[in-house]
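Chemist: Residue numbers (the working numbering): 2 to 68.
Glycine is no exception: its CB is placed at the ideal position from the N, C-alpha and C atoms.
One structure follows; several queries about it will come next.
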Amino acid sequence: MAEEVKKEEKKIVPMLLKILLGIVFLVLAAYLLIGRNWWQHTWLLIKGCAGPFLLLAAVITFAIAKD
């Protein structure tokens with residue numbers, strides 16, 4: 002029984018570290034987007050990626066429709 006608890010503890014610690022790291026990334030992203038007023042650059046990046054994304058979506062849709 003004690004071995005099972007140790008195994009669960011070994012799984013929990015890395016999971017908590019990953020969750021903490023994800024929260025840190027979210028806070029940094031919010032700071033850069035809102036706090037530093039980088040909306041213009043972010044919007045330009047989104048618009049630049051929209052074309053290739055839609056092209057890829059169309060190719061995948063055609064591949065699925067072909068089956």
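Alpha carbon to alpha carbon, what distance is there between residue 31 and residue 41?
Modeler: Counting from one through the sequence shown, the residue named residue 41 turns up at place 40. Counting from one through the sequence shown, the residue named residue 31 turns up at place 30. So the alpha carbons of these two residues sit roughly 15 Å apart.
Chemist: Would you mind giving the Cβ-Cβ distance between residue 34 and residue 43, rounded to the nearest angstrom? I have them listed as a contact below 8 Å.
Modeler: By one-based count along the sequence shown, residue 34 stands at place 33. By one-based count along the sequence shown, residue 43 stands at place 42. Residue 34 to residue 43, Cβ: 6 Å. Contact.
Chemist: Could you have a look at residue 40 and say whether DSSP puts it in helix, strand or coil?
Modeler: Here residue 40 is taken as the residue at index 39 of the sequence shown, counted from 1. In the structure shown, residue 40 sits in a helix (DSSP, three-state: H, G or I).
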